[in-house]
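Line by line, the protein sequences are chains A and B.
Just so we're aligned, residue 67 is where the first sequence starts under our numbering, counting upward by one.
Just so we're aligned, residue 67 is where the second sequence starts under our numbering, counting upward by one.
2 protein chains.
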Amino acid sequence: MKVAILGFGTVGSSVARILCDLKPAGIELTQVLNRGVARKRVDWTPPGTHWTEDFEQVLRSDADVIVELVGGLEPAGTWVRRALEAGKSAVTGNKKLIAEHGVELDRLARANGAHLLYGAAVAGGIPVIPGLRQGLAGDRITRIEGILNGTCNYILSRMEAGAAFSEVLCDAQSLGYAEANPSEDVDGYDARAKLVILSRIALRAGLDVKSVFCRSITQVDAVDLVYARDLGCTIRQIAKAELHPDGVSAMVGPMLVPLRSPLAWSRGTENMVLVSGQYGGDVVFSGHGAGGHPTAVAVVSDLISLAHGSRPVDLPSRATPVSGEFELRHYIRFIVKDAPGIVAEIAGALASEKINIDALFQRPGYDKADLPFVVTVEPCAASSLRRALDRIGSAAWLAQPPLDMPMLGE
Amino acid sequence: MKVAILGFGTVGSSVARILCDLKPAGIELTQVLNRGVARKRVDWTPPGTHWTEDFEQVLRSDADVIVELVGGLEPAGTWVRRALEAGKSAVTGNKKLIAEHGVELDRLARANGAHLLYGAAVAGGIPVIPGLRQGLAGDRITRIEGILNGTCNYILSRMEAGAAFSEVLCDAQSLGYAEANPSEDVDGYDARAKLVILSRIALRAGLDVKSVFCRSITQVDAVDLVYARDLGCTIRQIAKAELHPDGVSAMVGPMLVPLRSPLAWSRGTENMVLVSGQYGGDVVFSGHGAGGHPTAVAVVSDLISLAHGSRPVDLPSRATPVSGEFELRHYIRFIVKDAPGIVAEIAGALASEKINIDALFQRPGYDKADLPFVVTVEPCAASSLRRALDRIGSAAWLAQPPLDMPMLGE
């Protein structure tokens, strides 16, 4: 099986390195494509490796499989489509492409007797996609909770230890964990694409990517991690999807996670996926979700599967309506200019939506003009809570808009 | 694809139940075999299901796949062999059979154009085998550490909370977690069979089952869990295998696990597998390793793979010598009739094997005639430690033989 790697960056060169080290039976690296390929060229690939900048050359070559690692929707999408149409199989780690066009590309692969594998698109080195497809196809998965973005997990687990958001973000950028523009990570779009892919495979639900609600972790303040700890919790960026008779609830954003939950164990850039099945109960996968080598392991594993003639189990999904509604406990943090009647006003707004207050926490030692306190409420629909908070709206005593976060159970 | 279930106990009836509920495309339950089948017969399987006590009938039938869930080496082994020889594929959860004869049976399947799948043989509902085969084939796995026996984990996690071994064992038996004769579980033979299967798939190392050293958890005393806690650890039955240039080190037995290690997170009957790869680093799988439904999920997933024409990646293994040698820190617990010179004698025995003492712990409040204390030593080979302890041998001051346990790192 002749393999062409498109994109010789961190992951692409790791794939080549592992292929050269492990020499898996029946797999031969024959082509490498990259822009400005001259400066990318290395001397340790097999002697016959053809280096090129021209996709047409790859397409005309005898490569059986393309490994697409350029990322983004274009030209990656066109390249994968044209390769599949030419009867070549494709392996990709492109979560954005698979989240938005995976169903169409799967269909195209089938129609052309080719195969499309994307184990590297979610949680890199953790075999979540093969585990779900091959190992949990016999269950009815009803819920996914995942830590799918290593950058956010690095930031929040450092903040848990007392660091400030801006400082940690700088560190993450200088360590190469976060982009100069960190929006894809911190605002949840990266995790959302992965959640959409997992929902398709595990819940058999095709979700429209842009309909999945994202909340940024930038709104999380150091004080939230202090209050979370008081509540026996920590804060993680969670991607959550749940199957209901009439659709799927899905959301990405910062949530309170009990310290006893597996989701709280993830440290640094680790990823974790927890799926709950009707028959098998909870299964947890964790490990290194990103980085050149772990992601390359997923790519090489997909190549080995193809070389062994192992075909992925093709689980049909159907387009499914998605809402951001979860019936969960919530944490609401206010920062106020202290004045009489604030709690009464909040309680009234919540009561008008029939939301029960669970507890009220106010730590001593803060400035009265910038006073944080926290209200937790019993399980309620996210939309009712949103309406209640809208009623408080722009009250004069609010020093900044309140932040509400769902609280997950153990 | 017509399916015959052999063995209609807890797992077999769960498999039938899930097949009836989920109705996976292309899978039809046509036969059920059990001894005294009349009393096993249920009314909710598909109308045409044929119930029988006679394996010859199954073999002559048009069933494409047998699901072997009778367990043990015989007649299960003969039935699987004869089915494969007849060109029928086989799905089994029989760890003993696959540990001892898996290589031969895999070969037999290939020779007859049939397939043998056994995702249910290790860690039931956790997709470890598919995860390793499909998702981590592209790594070089060098180490496996697993909690592979739910009964032992239930016992040790209850003991961690203060209960006594004998009491917990009784509870485990009345809850159906442990057999009347618990030796397979507590002495490590069950976990050993699973470790041998995982070593074959992950390390590509064929180990002789009986050559893998097992130590019973029955030697663990309540006091060990107290000292373990002082050391920032807990105790778990761990199945561990490590690849070296000249073979594999493997062992099953109670070990000290740091509280910060994922292995300490497992509670109750949970299973957990941690594999370490040269490229992808550590990956953790956890969930319900046993029980009717979780095990049945693995069986049904294997059936779905077969029905979809998905073939397992066939990773060749080679027969590999195995030793019980690990270069690890060790915990050694003595129970002595207190007398002068004991520590000097122990220190001398350890020094004679060039083993460095790390620390010595002695909690107050114990009877001087039955006094527990603990020595931890720096990393040393298990065989040196064994020789050192043999030197102390049957010293008059020993109230009972010392217990040594490896201490795992974080």
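Glycine residues also receive a C-beta, built at the ideal position from the N, C-alpha and C atoms.
### Sequence ranges, alpha helix (DSSP H) only - wholly within the region 377–438 of chain A, length at least 4
Segments of the alpha helix (DSSP H) lying fully in the region 377–438 of chain A: 408–418.
Practice prompt. May I have the straight-line CA-CA distance separating residue 205/A from residue 270/A, to the nearest angstrom?
Written response: 12 Å
>> Need the endpoints of the beta strand (DSSP E) that residue 313/B sits in, please.
In response: In the DSSP annotation of this structure, the continuous segment of the beta strand (DSSP E) that includes residue 313/B starts and ends at 313–324.
Check each residue of the region 370–385 of chain B: if its Cβ is closer than 7 Å to any Cβ of chain A, include it; give the result in chain order.
370, 371, 374, 375, 376, 377, 378, 379 and 380
Note to self: So residue 166/A and residue 286/A are supposed to be a Cβ contact under 8 Å. How far apart are they, rounded?
What the structure shows: That pair is no contact at about 28 Å.
_Residue-chain proximity (residue 206/B, chain A), Cβ-Cβ < 8 Å_ = yes
**Prompt:** What are the partner residues of residue 99/B, as DSSP defines its beta bridges?
**Reply:** 72/B and 118/B
* For chain D, find out if any of its Cβ atoms is closer than 8 Å to the Cβ of residue 351/B; answer yes or no. => In the displayed structure, chain D is absent; the protein chains listed are A and B.
Using a Cβ-Cβ cut-off of less than 7 Å, give me the residues of the region 416–432 of chain A that come near chain B, in sequence order.
none
Cβ neighbour criterion (16 or more within 10 Å) applied to residue 110/B:
Exposed, by the Cβ-count rule.
Own chain residues within Cβ distance below 6 Å of residue 398/A, not counting five before or after: 441, 468 and 470
Check your understanding: Mind checking residue 112/A: buried by the 16 CB within 10 Å criterion, or exposed?
Key -> exposed
8 Å is my cut-off, CB to CB: does residue 359/B come that close to chain A? yes
- Item | CA-to-CA distance, residue 266/A to residue 243/A, given in whole angstroms | Rounded to the nearest angstrom, the two C-alpha atoms are 27 Å apart.
- Quick one, are the C-beta atoms of residue 226/A and residue 300/A less than 8 Å apart? yes
Burial state of residue 211/A (16 or more Cβ within 10 Å):
buried
Any Cβ of chain B within less than 8 Å of the Cβ of residue 112/A?
-> no
**OP:** Using a Cβ-Cβ cut-off of 8 Å, state whether residue 181/A counts as contacting chain B.
**Re:** Not a single CB atom of chain B sits nearer than 8 Å to the CB of residue 181/A.
* Does any C-beta atom of chain A lie closer than 8 Å to the C-beta of residue 263/B? -> Interface with chain A (8 Å Cβ-Cβ cutoff): residue 263/B is excluded.
Residues bridged to residue 170/B (per DSSP): Paired residue(s): none; residue 170/B is not in a bridge.
### Unbroken alpha helix (DSSP H) run spanning residue 273/A, endpoints
Careful: residue 273/A lies outside any alpha helix (DSSP H) and carries neither H nor E.
### Task
Report buried or exposed for residue 218/A, applying the criterion of at least 16 other Cβ atoms within 10 angstroms of its Cβ.
buried
* Does DSSP classify residue 374/B as helix, strand or coil? -> coil
* Interface residues of chain A around residue 449/B at Cβ under 9 Å? -> Neighbours of residue 449/B on chain A: none; closest Cβ ~32 Å, over 9 Å.
Under the rule that 16 or more other beta-carbon atoms within 10 Å means buried, what is residue 139/B, buried or exposed?
exposed
* Please classify residue 144/A: is it buried, with 16 or more other beta-carbons within 10 angstroms of its beta-carbon, or exposed? => exposed
ask   = Exposed or buried, residue 122/B, counting other C-beta atoms within 10 Å across all chains shown (16 or more means buried)?
value = exposed
Problem set entry | Contact between the region 332–340 of chain A and the region 91–109 of chain A (3+ Cβ pairs under 8 Å) | By the Cβ test, the region 332–340 of chain A is not in contact with the region 91–109 of chain A, since fewer than three Cβ pairs between them sit closer than 8 Å.
For this session: State the DSSP-derived secondary structure class of residue 181/A, mapped to helix, strand or coil.
Result: coil
Which residue comes first and which comes last in the alpha helix (DSSP H) that contains residue 239/B? 231–240
Residues of the region 80–110 of chain A with a CB closer than 7 Å to any CB of chain B: list them in chain order, please. If you check each beta-carbon in the region 80–110 of chain A against every beta-carbon of chain B, the ones closer than 7 Å belong to 84 and 88.
Check your understanding: Would you say residue 187/B reaches chain A, if we count a Cβ-Cβ gap shorter than 8 Å as a contact?
Key -> no
Sequence-distant residues of its chain with Cβ nearer than 6 Å to residue 345/B (five each side left out) = 205
task: Indicate the three-state DSSP secondary structure (helix, strand or coil) for residue 445/A in the structure shown.
output: strand
Practice task
With a cut-off of 8 Å on the beta carbons, I'd call residue 450/A and residue 412/A a contact; round off their distance for me.
Solution key: Contact flag wrong, Cβ pair sits at about 14 Å.
- Item | Inter-residue CB distance, residue 272/A and residue 385/A (contact presumed, cutoff 8 Å) | 4 Å
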